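J.: To start, I am sharing the structure in question, which I have written as structure tokens.
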Amino acid sequence: MALKITTREVDGVTVAALDGRIVLGEESNALREKIKSLVAEGKKKIVLNMDNITFIDSAGLGTLVALHTTALNAGTTIKLANLTKRVGDLLQVTKLLTVFDVSGSESEAIESFRKAA
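Residue numbers for the sequence shown follow my numbering, beginning at 9 and rising by one.
What follows is the structure, given as structure tokens:
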């Protein structure tokens with residue numbers, strides 16, 4: 009099942025709604041290319057809405073970390089929102105919750121950008 013990525017703008021924040029799995033191969037590549045293109049367009053605030061992510065493998069985690077680093081180097085902030093229990097537990101076990109800015113909902117993530125401004 010291919011990863012579906014839908015983007016939209018909300019109050020100056022780019023929201024990328026992810027649907028499917030983030031795994032080695034086409035899915036990780038699609039996510040990497042989409043986020044890199046958003047960064048290249050000059051988007052500085054990106055929220056990855058992950059409420060429809062059903063599975064992430066180690067390559068998917070690597071992709072998220074790489075995108076986080078790429079974004080930081082370009083002056084862009086990526087926040088994660090709506091983690092499923094499974095994905096949240098995975099980020100907890102791998103200690104990646106300390107790396108990512110995670111919000112309980114998309115609106116909380118968007119609001120956190122406003123508060124930081």
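All residues carry an ideal CB built from backbone N, CA and C; glycine is no exception. Remember, it's a predicted structure, so these values are computed and weren't measured experimentally.
(1) Tell me whether the segment 80-88 and the segment 37-56 touch, counting them as touching only if at least three CB pairs, one residue from each stretch, are closer than 8 angstroms.
(2) Nearest-angstrom Cα distance between residue 61 and residue 55?
(3) Is the Cβ-Cβ distance between residue 79 and residue 43 less than 9 angstroms?
(4) Given residue 14, which residues of its chain have a CB within under 6 angstroms of its CB, disregarding the five upstream and five downstream residues?
(5) If contacts are defined as beta-carbon pairs under 8 angstroms, then residue 31 and residue 63 qualify, I think. What distance do you get, rounded to the angstrom?
(6) Whole angstroms are fine: how far does the CA of residue 113 sit from the CA of residue 77?
(7) Per DSSP, what kind of secondary structure is residue 82 in: helix, strand or coil?
(8) Tell me the start and end of each unbroken alpha helix (DSSP H) in the segment 61-121 that is at least 4 residues and wholly inside, in chain order.
(9) If you measure between the beta carbons of residue 98 and residue 69, is that distance less than 9 angstroms?
T.: For this structure:
(1) These segments touch.
(2) The residue given as residue 61 occupies position 53 in the sequence shown. The residue given as residue 55 occupies position 47 in the sequence shown. Counting only the Cα atoms, residue 55 lies some 14 angstroms from residue 61.
(3) Within the sequence shown, the letter at position 71 stands for residue 79. Within the sequence shown, the letter at position 35 stands for residue 43. Against a cut-off of 9 angstroms, the Cβ pair of residue 43 and residue 79 comes out as a contact.
(4) Here residue 14 is taken as the residue at index 6 of the sequence shown, counted from 1. 25.
(5) In the sequence shown, counting from the first residue as 1, residue 31 sits at position 23. In the sequence shown, counting from the first residue as 1, residue 63 sits at position 55. Contact holds; Cβ gap of about 7 angstroms.
(6) Within the sequence shown, the letter at position 69 stands for residue 77. Within the sequence shown, the letter at position 105 stands for residue 113. Going from the Cα of residue 77 to the Cα of residue 113 covers about 23 angstroms.
(7) As a first step, residue 82 must be located in the sequence shown, where it is residue number 74. Looking at residue 82 - three-state DSSP - the assignment turns out to be coil, as it is neither helix nor strand.
(8) The qualifying runs are 66-81, 93-101.
(9) The residue labelled residue 98 in the question sits at position 90 within the sequence shown. The residue labelled residue 69 in the question sits at position 61 within the sequence shown. Yes. Within cutoff.
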